[in-house]
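Novice:
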Amino acid sequence: MFTGKVVLVTGGTGSFGHRFVKKMLENSQPKKLIIYSRDELKQFDMQQIYNAPCMRYFIGDVRDKARLTTAMKDVDYVVHAAALKQVPAAEYNPQECIKTNIDGAQNVIDAAIANNVSRVIALSTDKAANPVNLYGATKLASDKLFVAANNISGAKGPRFSVVRYGNVVGSRGSVVPFFKKKVDEGVTVLPVTDPNMTRFWITLDNGVEFVFQSFLRMQGGEIFVPKIPSIHILDLVEAFTGSRQYEEIGIRPGEKIHEMMVPEEVAHHSVEFDDHFVIRPPINFFDRNIDYFKNKLGETGQPVQKGYEYHSGTNPHFLTVNELKQLNESAL
Numbered sequence: 001m002f003t004g005k006v007v008l009v010t011g012g013t014g015s016f017g018h019r020f021v022k023k024m025l026e027n028s029q030p031k032k033l034i035i036y037s038r039d040e041l042k043q044f045d046m047q048q049i050y051n052a053p054c055m056r057y058f059i060g061d062v063r064d065k066a067r068l069t070t071a072m073k074d075v076d077y078v079v080h081a082a083a084l085k086q087v088p089a090a091e092y093n094p095q096e097c098i099k100t101n102i103d104g105a106q107n108v109i110d111a112a113i114a115n116n117v118s119r120v121i122a123l124s125t126d127k128a129a130n131p132v133n134l135y136g137a138t139k140l141a142s143d144k145l146f147v148a149a150n151n152i153s154g155a156k157g158p159r160f161s162v163v164r165y166g167n168v169v170g171s172r173g174s175v176v177p178f179f180k181k182k183v184d185e186g187v188t189v190l191p192v193t194d195p196n197m198t199r200f201w202i203t204l205d206n207g208v209e210f211v212f213q214s215f216l217r218m219q220g221g222e223i224f225v226p227k228i229p230s231i232h233i234l235d236l237v238e239a240f241t242g243s244r245q246y247e248e249i250g251i252r253p254g255e256k257i258h259e260m261m262v263p264e265e266v267a268h269h270s271v272e273f274d275d276h277f278v279i280r281p282p283i284n285f286f287d288r289n290i291d292y293f294k295n296k297l298g299e300t301g302q303p304v305q306k307g308y309e310y311h312s313g314t315n316p317h318f319l320t321v322n323e324l325k326q327l328n329e330s331a332l
């Protein structure tokens with residue numbers, strides 16, 4: 001799909017961008033693979049690893065629509081991964097989170113339409129479902145913008161979809177490298193905000209592969225949600241220390257005990273496939289009628305039961321302590 005095409009990744013120097021580029025170069029031969037981000041040092045460091053002839057590095061911020069529009073010239077596919085993601089930081093700096101996550105999302109949409117990009121996938125988060133923090137609220141707003149963009153783009157314009165998944169094992173700023181740092185420092189009792197906490201858990205490789213598959217499946221307007229396991233936070237503690245002892249430090253600003261990816265309130269819009277869910281758009285697209293029960297790969301889905309929700313605390317699949325140990329070792 002990507003061979004001979006031009007692909008751009010916003011926020012491409014992050015954990016996702018690094019792995020996306022690695023997999024893209026291993027499995028495809030893109031005409032150009034553009035990294036669009038604002039940190040020159042991170043771009044320099046990334047260039048030392050990924051310097052294939054197809055690679056291009058653009059300094060720019062998603063807040064800058066003119067620069068985005070220039071960067072997207074002749075681009076076929078866009079992955080929008082740029083975001084401010086730290087929950088407490090967003091609570092204390094709400095205006096900055098809004099500028100990047102909401103205004104930046106609209107800039108990506110406008111730039112894609114101006115350049116007649118073929119397909120755009122925006123990365124979202126479980127925190128966008130029934131949000132209780134500003135980060136989640138901005139990503140919910142972003143999701144809504146990308147879904148509605150399919151109306152704005154018209155019948156022959158770009159198609160926009162969203163990929164929503166949970167915590168990525170080992171990504172920068174996540175709990176796994178934090179716990180490892182503590183253990184390396186000799187800490188034997190790890191800090192936990194709440195011992196009842198659960199989280200959805202996905203590896204970086206699985207997240208990238210799901211994005212690739214979503215490009216193949218998408219028709220425009222869907223929110224794709226992978227079926228992934230959950231973890232108990234104390235199982236993660238035991239995987240690092242061999243003990244379930246912990247120091248309870250209390251919930252951080254904007255933090256949830258459990259996470260949600262398909263809320264009960266959107267069950268009537270949701271379709272279940274073998275390895276993922278699709279949340280259909282709540283609005284009608286005036287230029288076309290899309291059957292979201294059958295995707296571009298010919299896979300067929302079924303409506304979920306009334307009142308269904310996909311919740312990290314009631315997820316039927318939880319990782320064991322041994323499975324967590326193996327994932328941690330592969331991710332770090």
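Sequential numbering of the sequence shown, starting at 1, is according to full-length UniProt numbering.
Just so you know, even glycine gets a beta-carbon here, dropped at the ideal spot from N, CA and C.
Please read all numbers here as calculations on a predicted model, not as lab measurements.
1. Less than 8 Å between the C-beta atoms of TYR165 and PRO226, yes or no?
2. I want to know whether the region 172–187 touches the region 225–241 - three or more CB-CB distances under 8 Å.
3. Going by DSSP, which residues form a beta bridge with ASN167?
4. In whole angstroms, what separates the C-alpha of LYS23 from that of ASN206?
5. Do SER270 and VAL304 have their C-beta atoms closer together than 8 Å?
6. How far does the beta strand (DSSP E) with GLU248 in it extend, from its first residue to its last?
7. Mind reading off the beta-carbon distance from ALA105 to GLY11? Whole number of angstroms is fine, and I expect it under 8 Å.
8. Keeping to the same chain, check which residues put their C-beta closer than 7 Å to that of ARG119; ignore five residues upstream and five downstream.
9. Bridge partners for SER37 per DSSP, in chain order?
10. Check whether the region 57–72 touches the region 15–29, counting contact only when three or more Cβ pairs, one atom from each stretch, lie closer than 8 Å.
11. If we call anything under 8 Å between Cβ atoms a contact, is VAL62 one with PRO30?
12. Report the CB separation of GLY254 from GLU26 in whole angstroms; it is logged as a contact under 8 Å.
13. Cβ atoms of LYS73 and CYS54: under 8 Å apart, would you say?
14. Indicate whether CYS97 and LEU68 have their beta-carbon atoms separated by less than 8 Å.
15. Any idea if GLU259 is buried or exposed, counting beta-carbon neighbours within 10 angstroms, 16 or more meaning buried?
16. Beta-carbon within less than 8 Å of LYS139's beta-carbon, same chain only, minus the 5 sequence neighbours each way: which residues are those?
17. Just mark ASN295 as buried or exposed, buried being the case when its beta carbon has 16 or more other beta carbons within 10 Å.
18. Could you pull out every residue in the same chain whose Cβ sits closer than 8 Å to the Cβ of PRO195, ignoring the five residues on either side in sequence?
19. Please check if any C-beta of chain B sits within less than 8 Å of the C-beta of ASP194.
20. Go ahead and pull the three-state DSSP assignment for LYS294.
Specialist: So, from the data block:
1. Your numbering for residue 165 matches position 165 in the sequence shown. Your numbering for residue 226 matches position 226 in the sequence shown. In contact: TYR165 and PRO226 (Cβ atoms closer than 8 Å).
2. yes
3. Here residue 167 refers to the residue found at position 167 of the sequence shown. BP columns for ASN167 point to TRP201.
4. For the purposes of this step, residue 23 is taken as residue 23 along the sequence shown, with counting starting at 1. For the purposes of this step, residue 206 is taken as residue 206 along the sequence shown, with counting starting at 1. So the alpha carbons of these two residues sit roughly 11 Å apart.
5. Position 270 of the sequence shown, counted from the first residue, corresponds to residue 270. Position 304 of the sequence shown, counted from the first residue, corresponds to residue 304. Against a cut-off of 8 Å, the Cβ pair of VAL304 and SER270 comes out as a contact.
6. Mapped onto the sequence shown, residue 248 falls at position 248. 246–248 is the extent of the beta strand (DSSP E) around GLU248.
7. Looking up residue 105 in the sequence shown gives position 105. Looking up residue 11 in the sequence shown gives position 11. That pair is no contact at about 12 Å.
8. Looking up residue 119 in the sequence shown gives position 119. If we look at ARG119 and ignore the five residues flanking it on each side, its Cβ neighbours are TYR77, PRO158, ARG159, PHE215 and MET218.
9. For the purposes of this step, residue 37 is taken as the residue at position 37 of the sequence shown. Its beta-bridge partners are ILE59.
10. no
11. The sequence position of residue 62 within the sequence shown is 62, counting from 1. The sequence position of residue 30 within the sequence shown is 30, counting from 1. Going by C-beta atoms, VAL62 is not nearer than 8 Å to PRO30.
12. In the sequence shown, residue 254 corresponds to position 254, counting from 1. In the sequence shown, residue 26 corresponds to position 26, counting from 1. Not confirmed; about 37 Å, so no contact.
13. Looking up residue 54 in the sequence shown gives position 54. Looking up residue 73 in the sequence shown gives position 73. It is not a contact, given that the beta carbons lie outside the stated cut-off.
14. The residue given as residue 97 occupies position 97 in the sequence shown. The residue given as residue 68 occupies position 68 in the sequence shown. LEU68 sits away from CYS97, with the two beta carbons spaced by 8 Å or more.
15. For the purposes of this step, residue 259 is taken as the residue at position 259 of the sequence shown. It is buried - the Cβ of GLU259 has at least 16 other Cβ atoms within 10 Å.
16. As a first step, residue 139 is located in the sequence shown; it is residue number 139 there, counting from the start. The residues are ALA83, ASN101, SER124, THR125, LYS127, ALA128 and PRO131.
17. One-based indexing of the sequence shown puts residue 295 at position 295. Buried is the call here.
18. Within the sequence shown, the letter at position 195 stands for residue 195. For PRO195, the CB contacts under 8 Å within the same chain, skipping 5 residues up- and downstream, are ILE233, LEU234, TYR246 and GLU248 in chain order.
19. Of the protein chains in the structure, only one exists, and it is not chain B.
20. Locating residue 294 in the sequence shown gives position 294, counting from the first residue. Three-state result, LYS294: strand.
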